[in-house]
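Visitor: Residues in the sequence shown are numbered from 1 upward in steps of one, following full-length UniProt numbering.
Idealized CB from N, CA, C, for every residue including glycine.
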Amino acid sequence: MAIESIDTSSIPTMVPRQSSRRSHALFVALQKDIVLGDLAPEKALTELDLAQRFQCSQSTVREALMQLHEEGLVIRQPNRGTHVAPCNADDAAALLRIRHEVECSTLDRVVARTQDALLADLRGLLNAMRNAARDADEYLLSVYDRAFHLRLFEAADLPLVTPILTRCLIHNHRYKIQRSQPNRALDETAERHVPIIEALAARDEAALRPLLSHHILTIVDFGPDLTLQGVST
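(1) DSSP puts Ala44 in a beta bridge; with which residues?
(2) In chain order, what residues of the same chain have a beta carbon less than 8 Å from the beta carbon of Arg151, not counting five sequence neighbours either side?
(3) Am I right that Val84 and Lys43 are in contact with their C-beta atoms under 8 Å? What's the rounded C-beta distance?
(4) Pull up the DSSP beta-bridge partners for Gln67, would you.
(5) Report buried or exposed for Ala202, applying the criterion of at least 16 other Cβ atoms within 10 angstroms of its Cβ.
(6) Name the residue from Ala51, Glu63 and Val74 whose alpha carbon lies nearest to the alpha carbon of Arg174.
(7) In the DSSP assignment, find the alpha helix (DSSP H) that holds Gln31 and state where it starts and stops.
(8) If you run the structure through DSSP and keep just helix, strand and coil, what is Ile75?
(9) If you check the beta carbons only, do Ile164 and Arg146 fall under 8 Å apart?
Structure representation (structure tokens):
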């Protein structure tokens with residue numbers, strides 16, 4: 001599969017495009033394979049194999065792998081090569097706790113800075129999620145879901161924290177997708193964002209806080225081993 005054949009036009013950018021167009025397209029393709037489990041946890045990845053698979057240079061592969069490493073989707077170690085990162089319950093629980101703290105503890109800043117442009121963007125991303133759900137595309141729905149929460153957090157104006165939230169989101173969704181049953185209620189997943197937009201539009205922080213907290217804590221049925229003990233909703 002040539003790298004030019006990968007269509008990324010419908011996928012919102014989740015990281016700054018500091019690399020070439022070709023390496024970004026490869027990053028998007030590999031990110032999808034890892035999140036869906038097509039590249040299994042712990043699988044070894046070599047630059048030569050990936051360059052041959054995607055018909056691109058090894059330098060292009062290297063740039064893409066560096067971006068994936070920044071997201072924690074691959075682990076690169078000297079003399080040990082590159083491997084797909086694990087996807088286990090303990091990591092998922094820890095990242096969910098961090099995500100909950102980051103999003104819910106900054107809502108005062110978000111509400112205070114909410115403007116019509118933010119609400120319009122969130123409604124547009126909601127419609128994109130609805131379209132993905134209609135097409136039964138769980139991965140694309142998850143991409144727009146992540147974009148929704150990053151756009152919401154953007155209003156908090158805490159750019160140094162954004163990479164932390166980005167990593168939490170991608171791993172939350174990876175864990176969820178790899179443990180979900182086929183043909184889940186994707187429409188319901190999209191519609192879960194409606195009350196968040198409504199509370200934000202009303203600038204009602206008191207209503208928004210428990211809504212967002214519940215939304216995050218119920219992203220997936222983690223089970224008793226991953227409950228967030230002591231987290232106020």
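Guide: With the given structure in hand:
(1) His83
(2) Leu118, Asp121, Leu122 and Leu125
(3) 5 Å
(4) None; Gln67 has no bridge partner.
(5) exposed
(6) Val74
(7) Arg21 to Leu36
(8) strand
(9) no
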